[in-house]
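Taking it in order: structure first as structure tokens, then the write-up.
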Amino acid sequence: MTTKHPTLPDVKSAFERDTIRLRFEDIQPLHLITESARETPKYLQVRSSVREIGLVELPVVARDKDTPGKCLLVDGHMRIEILREMGVTEVDCLVANDDEAFTYNKRVSRLATIQEHFMILKAIDSGVPEETIARTLNVNIGQIRLKKHLLKGICPEAIDMLKDRFVPTNTFIELRKLAAVRQIEAAQLMIAMNKFSINYAKSLVGATSPSQLADTSQPKKLAGLSDAQVALMENESTKLDKEYQLVEKSYGSDHLDLVVASGYLCRLLENARVVRYLAQSFPEILSEFQKMITSAQTPVSSGKRHSH
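Here it is in structure tokens:
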């Protein structure tokens with residue numbers, strides 16, 4: 000005889016116990032993979048990984064309550080499309096018990112740059128050759144070695160702030176030129192502006208006074224700029240920092256307005272039937288709705304970001 004612990008609530012399993020094998024024609028995607036999406040580094044990386052080592056994660060589906068035998072694809076749109084390109088016609092899937100809990104894949108976090116760095120280090124420590132990692136990630140071996148030393152010279156505080164962000168590898172090379180305190184300021188500005196490009200990082204380095212550089216013994220030189228222009232950039236950077244602090248003070252009330260405005264959309268898209276209808280009839284509108292909700296749910300100071 001078994002007894003139930005009086006203080007523990009029943010926990011519903013998020014997935015069915017067994018996976019199922021589905022034909023692609025029985026899977027209803029919730030958005031389309033566009034031609035431009037097929038040319039992105041992310042898509043090419045996933046394609047290389049699937050071809051090199053197969054599926055690391057199974058696609059996730061939810062049973063379509065209105066059409067027996069059919070399922071909604073809630074996670075794995077790129078993987079399904081790549082398998083289709085390879086001539087595959089069916090695939091094993093995890094089955095979510097609650098389709099609303101996975102509405103349009105909005106709660107899935109993707110691998111950020113720093114997380115990828117630690118993944119590469121772990122793979123190398125486990126004995127995986129650098130060449131194999133390069134083929135899997137669809138990059139050359141030089142990039143793997145660059146990613147391996149990604150955080151050299153980066154202070155722990157800046158690493159923590161950027162750990163969940165998608166930051167170009169070369170941006171970290173620019174950050175290394177800054178002293179630790181200035182690295183933290185630069186990371187704050189990048190997050191506030193939601194800009195992590197190499198050009199923006201170079202502009203921050205250019206607007207940094209020599210005393211805040213990692214190597215103060217070397218004169219700062221910027222191609223095409225005179226000393227007077229560099230000094231002007233430094234003054235403008237100081238003004239920008241002050242303006243940012245003023246904007247940060249009003250951010251709370253501005254963000255509250257956005258949250259209230261998107262509240263209705265959020266409740267609307269918690270309804271799986273509504274999402275299904277929009278995905279089938281108005282996928283572009285559904286995509287814009289998702290962007291609005293994500294903007295309202297992602298605070299600048301949190302350092303968290305979700306994406307498909």
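If you use numbering that gives the first Met the number 0, the sequence shown corresponds to residues 0 to 307, in order. Heads up, the beta-carbon is just placed ideally off N, CA and C, and yes, glycines get one too. In this text, all values refer to a predicted model and were calculated from it rather than measured experimentally.
Among all the DSSP beta bridges, which residues are the ones paired with ALA95? As a first step, residue 95 is located in the sequence shown; it is residue number 96 there, counting from the start. Its beta-bridge partners are PHE14, ALA61.
SER47: which of ASN137, CYS70, THR131 sits nearest, CA to CA? Taking the sequence shown and counting its residues from 1, the one referred to as residue 47 is at position 48. Answer by Cα proximity: ASN137.
Going by the beta-carbon positions, is the gap between GLU51 and GLY75 smaller than 9 Å? On the sequence shown, residue 51 is found 52 positions in, with the first residue counted as 1. On the sequence shown, residue 75 is found 76 positions in, with the first residue counted as 1. No, the pair does not count as a contact, with Cβ atoms beyond the cut-off.
Tell me the DSSP bridge mates of ARG20? If you number the sequence shown from 1, residue 20 lands on position 21. Beta-bridge pairing links ARG20 to ASP91.
Length of the line joining the Cα atoms of SER286 and CYS265: Your numbering for residue 286 matches position 287 in the sequence shown. Your numbering for residue 265 matches position 266 in the sequence shown. Roughly 13 Å separates the two Cα atoms.
Leaving aside the five residues before and after LEU277 along the sequence, list all residues of the same chain whose C-beta is less than 7 Å from its C-beta, in chain order. As a position in the sequence shown, residue 277 is number 278, starting the count at 1. Correct list, in chain order: ILE284, LEU285.
For VAL94 and ASP163, what's the separation of their Cα atoms in angstroms? The residue you call residue 94 lines up with position 95 of the sequence shown. The residue you call residue 163 lines up with position 164 of the sequence shown. A direct Cα-to-Cα measurement between VAL94 and ASP163 gives close to 28 Å.
If we call anything under 9 Å between Cβ atoms a contact, is LEU29 one with LEU71? Your numbering for residue 29 matches position 30 in the sequence shown. Your numbering for residue 71 matches position 72 in the sequence shown. Taking 9 Å as the Cβ cut-off, LEU29 and LEU71 qualify as a contacting pair.
In terms of residue numbering, what span does the beta strand (DSSP E) encompassing GLN27 cover? Against the sequence shown, residue 27 aligns to sequence position 28. Per DSSP, GLN27 belongs to the beta strand (DSSP E) from 26-28.
Using 8 Å for Cβ pairs, my map puts ALA213 next to ALA178. What's the rounded Cβ distance? By 1-based counting over the sequence shown, the position of residue 213 is 214. By 1-based counting over the sequence shown, the position of residue 178 is 179. With a Cβ gap of about 5 Å, ALA213 and ALA178 count as contacting.
Close beta carbons around PHE14, own chain, < 7 Å, minus the five adjacent residues each side: If you number the sequence shown from 1, residue 14 lands on position 15. Correct list, in chain order: LEU93, VAL94, ALA95, ASN96.
Can you tell me the Cα-Cα spacing of SER35 and GLU84, whole angstroms? Here residue 35 refers to the residue found at position 36 of the sequence shown. Here residue 84 refers to the residue found at position 85 of the sequence shown. Each residue's alpha carbon lies about 16 Å from the other.
Span of the beta strand (DSSP E) around ASP159: Taking the sequence shown and counting its residues from 1, one reaches residue 159 at position 160. It is not in any beta strand (DSSP E) - ASP159 instead sits in the alpha helix (DSSP H) that spans 155-161.
Are ILE132 and ILE119 close, meaning C-beta to C-beta below 9 Å? Taking the sequence shown and counting its residues from 1, one reaches residue 132 at position 133. Taking the sequence shown and counting its residues from 1, one reaches residue 119 at position 120. Yes, the pair counts as a contact, with Cβ atoms nearer than the cut-off.
Under three-state DSSP, which class holds LEU150? Counting from one through the sequence shown, the residue named residue 150 turns up at place 151. In this structure, LEU150 counts as coil in the three-state DSSP scheme.
Buried or exposed: where does THR135 fall if 16 or more other Cβ atoms within 10 Å of its Cβ makes it buried? Taking the sequence shown and counting its residues from 1, one reaches residue 135 at position 136. Flag for THR135 reads buried.
Quick check: ASP25 and LYS69, are their CB atoms within less than 9 Å of each other? Residue numbering aside, residue 25 sits at position 26 when the sequence shown is read from its first letter. Residue numbering aside, residue 69 sits at position 70 when the sequence shown is read from its first letter. Closer than 9 Å, so yes.
Assign VAL204 to buried or exposed, taking buried as 16 or more other Cβ atoms, counted over all protein chains shown, within 10 Å of its Cβ. Stepping through the sequence shown from its first residue, residue 204 is reached at position 205. VAL204 should be labelled buried.
Taking C-alpha atoms, which residue in LEU161, GLU269, ARG181 lies nearest to PHE195? The residue given as residue 195 occupies position 196 in the sequence shown. The candidate whose alpha carbon is nearest that of PHE195 is LEU161.
Rounded to whole angstroms, what is the Cα-Cα separation between ILE143 and GLN187? Mapped onto the sequence shown, residue 143 falls at position 144. Mapped onto the sequence shown, residue 187 falls at position 188. Going from the Cα of ILE143 to the Cα of GLN187 covers about 27 Å.
Exposure label - THR207; buried when at least 16 CB within 10 Å: The count along the sequence shown starts at 1 and reaches residue 207 at position 208. Burial check for THR207: the Cβ neighbour count within 10 Å reaches 16 or more, so the residue is buried.
Per-residue burial, MET192 [other beta carbons within 10 Å of its own, 16 or more giving buried]: As a position in the sequence shown, residue 192 is number 193, starting the count at 1. Looking at its Cβ environment, which holds fewer than 16 other Cβ atoms inside 10 Å, MET192 is exposed.
Using 9 Å as the threshold, is the C-beta distance between VAL73 and VAL59 below it? Here residue 73 refers to the residue found at position 74 of the sequence shown. Here residue 59 refers to the residue found at position 60 of the sequence shown. Contact flag set, yes.
Do you know how far the Cα of LEU268 is from the Cα of THR33? As a first step, residue 33 is located in the sequence shown; it is residue number 34 there, counting from the start. As a first step, residue 268 is located in the sequence shown; it is residue number 269 there, counting from the start. Cα-Cα distance, rounded: 22 Å.
As a quick exercise: from ASP256, ILE19, LEU31, pick the residue whose alpha carbon is nearest that of GLU89. Here residue 89 is taken as the residue at index 90 of the sequence shown, counted from 1. The candidate whose alpha carbon is nearest that of GLU89 is ILE19.
From what residue to what residue does the beta strand (DSSP E) around ASP74 run? In the sequence shown, the residue the question calls residue 74 occupies position 75. Residues 70-74.
If we count the other Cβ atoms within 10 Å of its Cβ and call it buried at 16 or more, is ARG22 buried or exposed? Locating residue 22 in the sequence shown gives position 23, counting from the first residue. Exposed, by the Cβ-count rule.
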